[in-house]
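All residue numbers for the sequence shown refer to this note's numbering, where the first residue is 4 and numbers rise by one. Note that beta-carbon positions come from the ideal geometry of N, C-alpha and C, so glycine has one too. Nothing here was measured: the structure is a model prediction, and the numbers come from that model.
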Amino acid sequence: MKELLQAAATRAGRYLETLADRSVTPSAEAIEHLSQLDEPLPEKPTKPEQVLALLDEIGSPAAVASAGGRYFGFVTGGSLPAALAANWLAGAWDQNSALSVMSPIAAKLEEVALKWLLEVLGLPLEAGAGFVTGATMANFTALAAARHALLERQGWDVEAQGLFAAPPLTVVVGDEVHVSLLKALSLLGLGRERVSRVPVDGQGRMRADALPPLSPATIVCIQAGNVNTGAFDPAAEICAATHEAGGWVHVDGAFGLWAAAAPHRAHLAAGLGQADSWATDAHKWLNVPYDSGVAFCRQPEHLRAAMSATAAYLAQSDQREPMHYTPEMSRRARGVEIWAALSSLGRSGLADLIERNCRYAARFAEGLRAAGYHVLNEVELNQVLVSFGDAETTRRVITGVQADGTCWCGGTVWQGQTAMRISVSSWATTEADVEQSLAAILRIAGKHR
Ligand SMILES: Cc1ncc(COP(=O)(O)O)c(C=O)c1O
Numbered sequence: 004m005k006e007l008l009q010a011a012a013t014r015a016g017r018y019l020e021t022l023a024d025r026s027v028t029p030s031a032e033a034i035e036h037l038s039q040l041d042e043p044l045p046e047k048p049t050k051p052e053q054v055l056a057l058l059d060e061i062g063s064p065a066a067v068a069s070a071g072g073r074y075f076g077f078v079t080g081g082s083l084p085a086a087l088a089a090n091w092l093a094g095a096w097d098q099n100s101a102l103s104v105m106s107p108i109a110a111k112l113e114e115v116a117l118k119w120l121l122e123v124l125g126l127p128l129e130a131g132a133g134f135v136t137g138a139t140m141a142n143f144t145a146l147a148a149a150r151h152a153l154l155e156r157q158g159w160d161v162e163a164q165g166l167f168a169a170p171p172l173t174v175v176v177g178d179e180v181h182v183s184l185l186k187a188l189s190l191l192g193l194g195r196e197r198v199s200r201v202p203v204d205g206q207g208r209m210r211a212d213a214l215p216p217l218s219p220a221t222i223v224c225i226q227a228g229n230v231n232t233g234a235f236d237p238a239a240e241i242c243a244a245t246h247e248a249g250g251w252v253h254v255d256g257a258f259g260l261w262a263a264a265a266p267h268r269a270h271l272a273a274g275l276g277q278a279d280s281w282a283t284d285a286h287k288w289l290n291v292p293y294d295s296g297v298a299f300c301r302q303p304e305h306l307r308a309a310m311s312a313t314a315a316y317l318a319q320s321d322q323r324e325p326m327h328y329t330p331e332m333s334r335r336a337r338g339v340e341i342w343a344a345l346s347s348l349g350r351s352g353l354a355d356l357i358e359r360n361c362r363y364a365a366r367f368a369e370g371l372r373a374a375g376y377h378v379l380n381e382v383e384l385n386q387v388l389v390s391f392g393d394a395e396t397t398r399r400v401i402t403g404v405q406a407d408g409t410c411w412c413g414g415t416v417w418q419g420q421t422a423m424r425i426s427v428s429s430w431a432t433t434e435a436d437v438e439q440s441l442a443a444i445l446r447i448a449g450k451h452r
């Protein structure tokens with residue numbers, strides 16, 4: 004076992020070392036070689052060393068180099084060294100984090116990680132949380148708590164009775180709501196189309212002056228960090244109006260919530276702490292390995308009521324039992340990497356990670372503007388939207404950048420305009436990576452002028 008794990012570490016180390024010099028996109032040849040995996044299920048056992056060798060030889064060249072410093076697609080964090088190493092150790096532990104009796108260490112690390120997260124994200128220290136797979140499930144989990152609380156206040160037990168004869172709830176979202184939040188609403192029986200949409204400004208921020216009538220049966224879903232522009236909804240104003248009406252505010256802060264951890268960006272997150280629930284990703288800006296998200300709820304009892312499962316064989320205790328805060332029962336110990344990342348960065352390291360990524364985004368915007376291209380968003384966070392001319396030209400540049408392989412950026416359509424989207428979200432990105440990538444983008448765009 005020990006030799007096998009050492010071999011895995013050697014192969015993984017070699018893979019990571021190659022990232023600086025290889026194409027971010029896997030080569031066509033590497034992708035073609037994946038067909039070698041199309042084999043029938045082996046009749047007999049294969050030696051673990053051989054399994055590992057096959058995985059590395061076929062798999063590593065075909066992996067997208069998102070763990071490196073020049074991947075700017077979607078909103079993708081890398082894996083901090085401490086988080087990756089902790090993930091390996093925790094893999095060896097193979098703990099089931101459902102109950103504290105099943106894994107005292109997993110339960111303890113979740114508790115500590117939760118306390119630290121509340122501090123760095125500027126959330127109420129009494130809040131509770133569930134450690135889930137990502138922001139989609141965090142939105143789902145937190146909104147289940149909202150659904151529970153608002154219906155309970157009307158005398159309806161939604162967990163027991165379901166939604167069929169329940170008093171109606173109204174859900175309010177901004178016009179630039181993330182698709183994952185709508186998916187969460189659909190899973191909760193609240194309906195992805197049964198929402199009231201609020202107009203937004205040119206950055207995608209919900210207009211607080213355009214909110215519909217609010218009531219104690221309203222859940223208002225705001226955004227901290229629009230996936231295209233990085234913009235924040237006006238949290239303080241919306242929280243005040245919603246709370247005055249007796250409603251609930253939920254924040255989709257998949258990556259934007261982390262702005263609170265960086266002193267020079269914290270003003271963007273102002274007012275978010277006044278909400279009732281929050282969703283965020285740790286696999287984005289905290290840079291832990293996939294998959295990892297957190298659903299927070301100001302009053303832990305609402306989350307617990309929405310997520311609890313009880314049965315005689317599931318020992319009850321006075322401790323925080325992880326499975327009462329998540330949709331899953333058995334699951335891996337996600338608190339381990341969150342704890343390791345925060346432990347290794349400390350408050351200042353986390354602030355520096357966020358700040359550095361935002362500075363690099365501003366450098367991209369400055370370099371693109373200086374070359375005469377149109378940056379479509381106010382670059383206050385880590386997202387940059389750039390147009391290289393008409394839609395067709397922009398699409399050609401995006402295809403060219405992806406094929407070139409120096410870096411990887413995706414495409415989007417922002418309020419009717421086709422754009423390339425650059426998201427700087429990795430600890431591994433250096434100033435040299437940014438300059439190298441910017442030079443490649445400008446070289447390729449120059450060919451299409
Ligand atoms: C604002 C926002 N919400 C939710 C999500 C979904 O996150 P995940 O893919 O981790 O479920 C994203 C992903 O980019 C996002 O940007």
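Where residue i falls, given that 16 or more other Cβ within 10 Å makes a residue buried
i: GLY205; result: exposed
i: PRO43; result: exposed
i: SER268; result: One point to set straight first is that residue 268 is Arg, not Ser, in the sequence displayed. Result: buried.
i: ARG156; result: exposed
i: THR79; result: buried
i: THR3; result: The structure shown has nothing for residue 3, since the chain only spans 4 to 452.
i: PHE134; result: buried
i: PRO29; result: buried
i: TRP430; result: buried
i: GLY250; result: buried
i: THR283; result: buried
i: ILE453; result: Nothing can be reported for residue 453, as the shown portion of the chain is limited to 4 through 452.
i: THR49; result: exposed
i: ALA265; result: buried
i: GLY207; result: buried
i: SER333; result: exposed
i: TYR363; result: buried
i: ILE34; result: exposed
Three-state secondary structure (DSSP) of residue i
i: CYS300; result: strand
i: THR13; result: helix
i: PHE453; result: Residue coverage of the chain in this structure runs from 4 to 452, which leaves residue 453 outside it and unanswerable.
i: ALA431; result: coil
i: TYR316; result: coil
i: VAL389; result: strand
i: GLY81; result: coil
i: CYS410; result: coil
i: VAL104; result: coil
i: SER69; result: coil
i: TRP417; result: strand
i: PHE143; result: helix
i: GLY349; result: helix
i: GLN226; result: strand
i: TYR293; result: coil
i: GLY131; result: strand
i: GLY403; result: helix
i: HIS305; result: helix
i: ASP436; result: helix
Inter-residue CB distance, residue i and residue j (contact presumed, cutoff 8 angstroms)
i: ALA2; j: SER280; result: There is no way to answer for residue 2, as the model of the chain reaches only from 4 to 452.
i: GLY259; j: GLY233; result: 7 angstroms
i: HIS377; j: VAL387; result: That belief does not hold up - the Cβ atoms of HIS377 and VAL387 are roughly 11 angstroms apart, past 8 angstroms.
i: ALA130; j: PRO303; result: 7 angstroms
i: ALA278; j: ALA309; result: The pair is not a contact, with the Cβ atoms about 17 angstroms apart (cut-off 8 angstroms).
i: LYS287; j: ALA243; result: Actually they do not touch by this definition, with Cβ atoms about 28 angstroms apart.
i: LEU172; j: LEU154; result: 7 angstroms
i: GLU240; j: ALA211; result: 4 angstroms
i: LEU271; j: GLU383; result: 6 angstroms
Cut-off 6 angstroms between Cβ atoms - residues of its own chain near residue i, not counting five sequence neighbours on either side
i: LEU7; result: PRO51
i: LEU112; result: GLY338, VAL339, TRP342
i: GLN98; result: SER106, ALA109, ALA336
i: ALA93; result: ALA336, VAL339
i: ARG73; result: VAL27, CYS410, ASP436, SER440
i: ALA85; result: ALA343, SER347
i: GLU60; result: none
i: GLY125; result: ALA263, GLY276
i: GLY370; result: LEU441
Cut-off 7 angstroms between Cβ atoms - residues of its own chain near residue i, not counting five sequence neighbours on either side
i: ALA11; result: LEU55
i: GLY194; result: LEU188
i: ALA169; result: LEU154, TRP159, VAL161
i: GLN420; result: LEU379, SER390
8 angstroms CB neighbourhood of residue i in its chain, flanking five on each side removed
i: PRO127; result: LEU121, GLY276, ARG301
i: ALA285; result: VAL291, SER295, GLY296, VAL297, ARG337, GLU340, ILE341, ALA344
Under 8 angstroms: do the region 435-451 and the region 399-415 share three or more Cβ pairs, one atom per stretch? yes
With a cut-off of 8 angstroms, do at least 3 Cβ pairs link the region 162-181 to the region 214-229? yes
Just checking, does the region 71-88 make contact with the region 413-431 on the three C-beta pairs under 8 angstroms criterion? yes
Is it true that the region 152-169 meets the region 202-216, where meeting means three or more beta-carbon pairs spaced less than 8 angstroms apart? no
How do the region 86-105 and the region 306-325 stand: do at least 3 beta-carbon pairs fall below 8 angstroms, yes or no? yes
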